[in-house]
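In our numbering, the protein residues as written are 26 to 348. Take a look at the structure below.
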Amino acid sequence: MPLSDTPSMWNPFANMAVAPGNAITIVGGRGSTIFDASGRQYLDAIASLWYCNVGHGRAELAEAAARQMREIAAYQAYEVFSSEPAEALARRVAELAPIRDAKVFFTPGGGSDAVDTAAKLARAYWRAVGQPDKQVVIGRSYAYHGVNAFGTSLGGIPAFSEPFGPLVSSVEHVPWDDTGALAKLIEQVGADRVAAFFCEPVVGAGGVYFPPDGYLAEVQQICRDQDVLFVADEVITGFGRTGEWFGSSRFGLEPDIMTVAKGLTSGYLPLGAVLAGPKVAEPFWRPGTAEIFRQGYTLHRSPNRVRRGLGQLGHHRARTAVA
Ligand SMILES: Cc1ncc(COP(=O)(O)O)c(C=O)c1O
């Protein structure tokens, strides 16, 4: 078929010789059921792409978003600008997170933006505390950390990174289940050059691998002992996916940095976030500091009332968020 006769839409991660002729066109959803254009029903066992934690078709979320958009759809949050719903959402996520006094940095695109922001934050942190040589970030085999440059480089699925050539330098990998390999790599590279270790509490896109017993506690301890930031990528495991609010809660971890997205809004609007613990936040927040985390996105704001997707947990009295 000539290219001019094929549809315009180019699907992500798809073989476009095959996808258009086999399209499953989803037109609706209620709870855990979705419907295609021919009226066929499916049990959405994967919650779309592991994100629709509160279920499809929640009219109150659509209405909340519409109400907010009528007032103001978005406004930047650079420098001194803020919004009450965004602050309330940050407060609520910080309360739920297994990180004491977490600071919440929103990333409007979702998990890929959160991962790249977390990696930049890790490097910026070490520079801010006078150790600029700590630049190396470590990922694992089978890992998936999204599609931006840091995330692609940190990932451990060769087919997802090889086509793009070298992206971010000073990125290393270890086997996903081997604590000794992590300790050895840090020793080889030199702890004074390693910024952070990234891991998904449960490997998701790489094959759904549950961590070996004790693995996560041990890698967290290695990171603490070697003064390497421990980053939990909770884009999938956040917001109830493993039976606790976060995978880190389930496995008794307190990461230095966490990345979240997906269930944060259940996909009603795109949003991710980076949570930074006090050690990482301190140089950027302490009174009199000149350190600025020079990172941000134009649409750096919360999806307003959609925060109620967190199981109706909102309790603030923001004028724009109260029905
Ligand atoms: C662990 C993990 N990190 C990051 C991402 C990227 O998130 P997004 O697709 O929202 O950019 C994903 C997506 O599946 C993921 O599973």
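Just so it is clear, CB atoms sit at the ideal spot from N, CA and C, and this is done for glycine as well. Note that the coordinates shown come from a computational prediction; the quantities given were computed from them, not determined experimentally.
Under 8 Å: does the beta carbon of residue 273 sit that close to some heavy atom of ligand 1? no
Status (buried if at least 16 other CB within 10 Å, exposed otherwise) for residue 175: buried
Note down, in chain order, each residue of its chain lying with its Cβ closer than 6 Å to the Cβ of residue 301, except the 5 sequence neighbours on either side. 128 and 282
With burial defined as no fewer than 16 other Cβ atoms inside 10 Å of the residue's Cβ, what is the status of residue 35: buried or exposed? exposed
Under 9 Å between C-beta atoms of residue 185 and residue 297: no
Can you check which of these residues, 200, 199 and 252, is closest to residue 216 by C-alpha distance? 252
Short check: CB of residue 75 to CB of residue 229, under 9 Å? yes
Please determine if the segment 256-263 and the segment 196-210 are in contact, where contact requires at least 3 C-beta pairs separated by less than 8 Å. no
Using three-state DSSP, classify residue 304 as helix, strand or coil. helix
Bridge partners - residue 66, DSSP secondary structure assignment: 60
Are the segment 94-105 and the segment 275-289 in contact at 8 Å, needing three or more beta carbon pairs? no
Option nearest residue 78 by Cα separation, candidates 319, 292 and 309: 292
Taking 9 Å as the threshold (C-beta atoms), are residue 195 and residue 181 in contact? no
Where do the ends of the alpha helix (DSSP H) carrying residue 185 lie? 183-186
Taking all protein chains shown into account, decide if residue 249 is buried (16 or more other Cβ within 10 angstroms of its Cβ) or exposed. exposed
Is residue 206 close to ligand 1? I mean its beta-carbon at under 8 Å from any heavy atom of the ligand. no
Residue 61 to residue 242 span [Cα, whole Å]: 43 Å
Leaving aside the five residues before and after residue 218 along the sequence, list all residues of the same chain whose C-beta is less than 7 Å from its C-beta, in chain order. 158, 159, 160 and 161
May I have the straight-line CA-CA distance separating residue 294 from residue 213, to the nearest angstrom? 43 Å
On the DSSP bridge assignment, give the partners of residue 285 in chain order. 298
Could you tell me the distance, in whole angstroms, from the CA atom of residue 55 to the CA atom of residue 85? 13 Å
Is residue 63 close to chain D? Criterion is C-beta to C-beta, closer than 9 Å. Looking at the structure shown, chain D is missing, and only one protein chain is on hand.
From this set, 202, 221 and 211, which residue's C-alpha is nearest residue 240's C-alpha? 202
Considering only DSSP beta bridges, list what residue 234 is partnered with. 228
In its own chain, which residues sit with a C-beta less than 8 Å from the C-beta of residue 41, not counting the 5 before and 5 after it? 31 and 35
Assigned secondary structure, residue 34 (DSSP; H/G/I helix, E/B strand, else coil): coil
For residue 189, which of 200, 177 and 140 has the nearest alpha-carbon? 177
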